[in-house]
Amino acid sequence: MKLYRIKKSNIDNKGRGLYATMNIKEGTKIIDYIGKIITNKQVEQSNKYDNKKPIYLFTLNNKYTLDGDFSWNIAGLVNHSCEANAQYEGKGLKVWITAQRDIKKGEEITCDYGFSFDKEDYRQFPCKCRAKNCCGYIIREESRWRLNKKFAMSNKRKSINNFL
Ligand SMILES: [Zn+2]
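Under my numbering, think of the first position of the sequence shown as 1172, with each following residue one higher.
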């Protein structure tokens, strides 16, 4: 029996997500993330990989990227959450998703998409995960504090402007 099933998502209300069909123990491999191997050069040179694409691209090493934007890549349906219960793991040219903690039957399986604040235009990717610690954008955990800092600063500036 598969550990997941496809269902309308609570996070992405236009889309679907994967839900646990049984309790899943921390560390369990849930699903392979499959796609086409392309070169990093192709990513840089083709505008096919702009816009919504980055959420499906995994840089595998300094030469290759995995493009998972295909309908047959079921793992591509996994939504981002700022409080993810699963994570991407990889070795060589393979990527898969494992449980980051124990996941209860019926829970939506979520990953941290891991966008870096520096590289991507994060404003293209608002986050609606509803986690308490949601930072509003799909950005990997280590980079979120920078966003918060930036917000804090722009708020401060606003209040100063109100004074003037
Ligand atoms: Zn979020």
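In this text, a Cβ means the ideal position worked out from N, Cα and C, and glycines have one as well. None of the values given here were measured: they were computed from a predicted structure.
Same chain only: Cβ atoms within 7 Å of residue i, ignoring 5 sequence neighbours per side
i            : result
residue 1297 : 1307, 1308
residue 1186 : 1180
residue 1322 : With a pLDDT of only 42 at residue 1322, under the threshold of 50, the placement of this residue in the model should not be trusted, and no figure is reported.
Any non-hydrogen atom of ligand 1 within 7 Å of residue i CB
i            : result
residue 1282 : no
residue 1255 : no
residue 1302 : yes
residue 1242 : no
residue 1252 : yes
Sequence-distant residues of the same chain with beta carbon closer than 6 Å to residue i, five excluded per side
i            : result
residue 1155 : The displayed coordinates of the chain run from 1172 to 1335. Any statement about residue 1155 would go beyond what the structure contains.
residue 1176 : 1190, 1192
Expected contact under 8 Å - CB spacing of residue i and residue j to nearest Å
i            : j            : result
residue 1209 : residue 1238 : 5 Å
For residue i, the first and last residue of its enclosing beta strand (DSSP E)
i            : result
residue 1258 : 1257-1262
residue 1230 : 1228-1230
residue 1189 : 1187-1191
residue 1201 : 1200-1204
residue 1270 : 1265-1270
Same chain, Cβ closer than 8 Å to residue i, five either side skipped, listed in chain order
i            : result
residue 1235 : 1208, 1209, 1210, 1211, 1264
residue 1220 : 1213, 1214, 1228, 1238
Residue i, buried or exposed, once every other Cβ within 10 Å from all chains shown has been counted against 16
i            : result
residue 1281 : buried
residue 1279 : buried
residue 1198 : exposed
residue 1232 : exposed
Extent of the continuous alpha helix (DSSP H) run through residue i
i            : result
residue 1212 : 1211-1216
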